[in-house]
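The opening residue of the sequence shown carries number 1 in the working numbering; numbering runs sequentially from there. Even glycine gets a Cβ: it sits at the ideal position worked out from N, Cα and C. One structure is given below, encoded as C-alpha cells.
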Amino acid sequence: MKKIVLSTLICAFLMGCSAFGQADKVSGSYYENDAERYRQNVAVKAQTESFVTYEYKDIRIDELAPLAADYCYKMGEKQAYLREVILYRNNLRRATFDCVSLAIQD
C-alpha cells in the first residue's frame, strides 16, 4: 500500500513539474493586445479611392471589416462592401472591399 501511495505522489509531482514548464510556452503564443495582433497579421496589398485589399491570417473577416469601413469613410464618407475573399499562398487570405457611396443623388 505504501508503494502505491508513494508512486502516486511521485507521478503527481512529475505531472505538476511538466505543466509548470509548459506554462511559459503557452503564454508566449498570445498577443499583448489587438493592435499588435493586427500589425502582425494584416497587410494592405492594394488601395485606391474605390477599393482596398487586405492580406491576412489568424483573424476573422468580421474583425477585418472595421478597418475597411474606416478606410472607406476616409475616402469620402463611403461605405465598405465585401467584394471577395480568396485563399492565397501559405494559407493567407485576401479580402477586397469596395468603397461605395449610397447617398441618393437628385
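Can you give me the start and stop residues for the beta strand (DSSP E) that E84 sits inside? Q79 to L87
Going by other Cβ atoms of all chains shown within 10 Å of its Cβ, with 16 needed for buried, is A80 buried or exposed? buried
Tell me which residues share the same chain as L87 and place their Cβ nearer than 7 Å to its Cβ, disregarding the 5 neighbours each side in the sequence.
R93
Problem - Straight-line gap, Y73 to N90 (C-alpha atoms, nearest Å) - result: Take the alpha-carbon of Y73 and the one of N90: they are about 31 Å apart.
Distance, Cα to Cα, L113 vs N33? The structure shown does not extend to residue 113, since the chain is modelled only from 1 through 106, so no value can be given for it.
- Per-residue burial, V52 [other beta carbons within 10 Å of its own, 16 or more giving buried]: buried
- Query: Going by Cα to Cα distance, which pick from A46, S50, E49 and D58 is closest to R39?
  - Reply: D58
- Identity of the residue in A35, V42 and Y54 nearest R83 by Cα: Y54
Separation of R60 from Y71, as counted between CA atoms:
18 Å
Start and end of the alpha helix (DSSP H) containing D62?
Looking at the DSSP string, the run of the alpha helix (DSSP H) that includes D62 is I61 to K74.
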